[in-house]
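Trainee: Take this structure first; my questions come after.
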Amino acid sequence: MNTYRELVAVEVPTRVAASLAGVSRAMANRKPRVPLPVPAVPLVPANRLTDAERARVLEVVNSKEFVDLPPIQIYARLLDAGIYLASTSTIYRILAENKQVKERRRLARHPARAIPELVATGPGQVYSWDITKLPGPIKGKYFDCYVMIDIYSRYIVARLGWALRQWSEAFLGYFDTGGASNGGTEAVNGLIELHRRVARVARGFRNYDNYRLRMLLIGGGPQL
C-alpha cells in the first residue's frame, strides 16, 4: 500500500500505480477507518446530592404538605420558608428515578361500571316505550304516538290498547270537527290566572259577559 501511495505522489496514474503495486485501486483509494473515540468518563458534579440528601428530597415532596403540588410550587414554598433542598430540575430527576413524574393531585377515580341490563324471563316483567311522530290532517301538524311494548312477548301492552279504546271517540272527534279543541280557552284562562291584577278577581266572575270581556282584554283586546 505504501508503494502505491509513493507512485501516486510522483504523479503516476492510479491505474498504473495499482497495477505495479499489485493492489486493487478501489481498496487503495478507500478511506481509512477512523477509530472510534473512547467514551469519556462522566464527570460527577461537585455539588451532587448524596443518597441521604436525595432521600430527604423525596421524603419532603411526598409529605402531606406537598404531596399534591408540582415541583415548581414545592421549590417556591420551601424558599419562602428559608429552606433549600435542591433545584427544580433536580427534584424532577429524583421523581423520575422513582417513577413519580405524573399528575400529583389526588383526583377522583371513576372505575368502569357495568351497563345495567334488564332481562325478562316472562311476559309482563320489562316494558319498552317509544314515541313516533305521525302526520296530522293539516300540514305542519303532527301527533305523538306513544307505544309500550313488552320486550318478552313483543306485544303492545294491553293497557295502552284499553286507553285507545276508551278514548277512541274523543280521538276521532278531533278529526271530525276539523281539529277543534279547547286549547284557546285554556290559554286565555292561563293568562288570566297569571295576570297579577286580575288573578284575584277572575275566578269570582258570575256574569258571562263580564268574564268574556275580561278574557278579551287580557288576551289582547276585542277585535272591533
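Under this note's numbering, think of the first position of the sequence shown as 9, with each following residue one higher. Note that the Cβ used here is the ideal one computed from N, Cα and C, for glycine as well.
How far does the beta strand (DSSP E) with P50 in it extend, from its first residue to its last?
Mentor: Taken as a continuous stretch (DSSP letters only), P50 belongs to no beta strand (DSSP E), as it is neither H nor E.
Trainee: With C-beta atoms as the reference, is V65 less than 7 Å away from A94?
Mentor: Cβ distance < 7 Å, so V65 and A94 count as in contact.
Trainee: Could you tell me which of C153, E73, N10 sits nearest to R114, measuring between CA atoms?
Mentor: The shortest C-alpha separation from R114 is found at E73.
Trainee: Taking just the CA atoms, how far does S97 sit from S71?
Mentor: Approximately 19 Å, taken between the alpha carbons.
Trainee: Might you give, ordered along the chain, the residues of its own chain that have their beta carbon closer than 8 Å to the beta carbon of K141, omitting 5 neighbours on each side?
Mentor: The answer, listed in chain order, is Y150, F151, D152, C153.
Trainee: By Cβ distance below 8 Å, which residues in the same chain neighbour P79 in space, the five residues on each side in sequence not counted?
Mentor: Here the set comprises V69, T96, I99, Y100, L103.
Trainee: Assuming V75 and R112 are in contact, meaning their beta carbons sit under 8 Å apart, how far apart are those beta carbons, in whole angstroms?
Mentor: The pair is a contact, with the Cβ atoms about 7 Å apart (cut-off 8 Å).
Trainee: Starting from V155, follow its DSSP beta bridges and name the residues at the other end.
Mentor: Paired residue(s): D138.
Trainee: Once you ignore the five residues that flank I82 on each side, which residues in its own chain have a CB closer than 6 Å to its CB?
Mentor: So the qualifying residues of the chain are V69, F74.
Trainee: Hey, would you say I159 sits closer than 7 Å to V134, going by beta carbons?
Mentor: Yes. Within cutoff.
Trainee: Quick one: residues in its chain with C-beta nearer than 8 Å to the C-beta of Y92, no 5 flanking neighbours on either side, listed in chain order?
Mentor: Within the same chain, Y92 has close Cβ partners L86.
Trainee: Is it the case that the Cβ atoms of P145 and F183 are separated by a distance below 7 Å?
Mentor: Closer than 7 Å, so yes.
Trainee: Curious, which full-length alpha helix (DSSP H) runs of at least 4 residues does the region 70 to 97 contain?
Mentor: Counting only runs of 4 or more, we get 79 to 88.
Trainee: Give the secondary structure of I102 by DSSP, where H, G and I count as helix, E and B as strand, and everything else as coil.
Mentor: I102: helix per DSSP, three-state reduction.
Trainee: Under DSSP, the alpha helix (DSSP H) around G16 begins and ends at which residues?
Mentor: Reading off the sequence shown, one finds Val at residue 16, where the question assumed Gly. It spans 10 to 17 - the alpha helix (DSSP H) in which V16 sits, taken as one unbroken run.
Trainee: Could you tell me which residues DSSP pairs with P143 in its beta bridges?
Mentor: Per DSSP, Y150.
Trainee: I need the straight-line Cα distance from V20 to A26, nearest angstrom please.
Mentor: Their Cα atoms are separated by approximately 10 Å.
Trainee: Are the beta-carbon atoms belonging to M156 and W137 less than 7 Å from one another?
Mentor: In contact: M156 and W137 (Cβ atoms closer than 7 Å).
Trainee: Of the residues G148, A116, R162, I139, which one's Cα is nearest the Cα of P131?
Mentor: For the residues G148, A116, R162, I139, the minimum Cα distance to P131 belongs to R162.
Trainee: Any idea if G62 is buried or exposed, counting beta-carbon neighbours within 10 angstroms, 16 or more meaning buried?
Mentor: Gly is not the amino acid found at residue 62; the sequence shown has Arg there. Looking at its Cβ environment, which holds 16 or more other Cβ atoms inside 10 Å, R62 is buried.
Trainee: Mapping the DSSP letters down to three states, classify D59 as helix, strand or coil.
Mentor: If DSSP states are grouped into helix, strand and coil, D59 belongs with the helices.
Trainee: Leaving aside the five residues before and after R56 along the sequence, list all residues of the same chain whose C-beta is less than 7 Å from its C-beta, in chain order.
Mentor: Excluding residues within five positions, none has a Cβ falling inside 7 Å.
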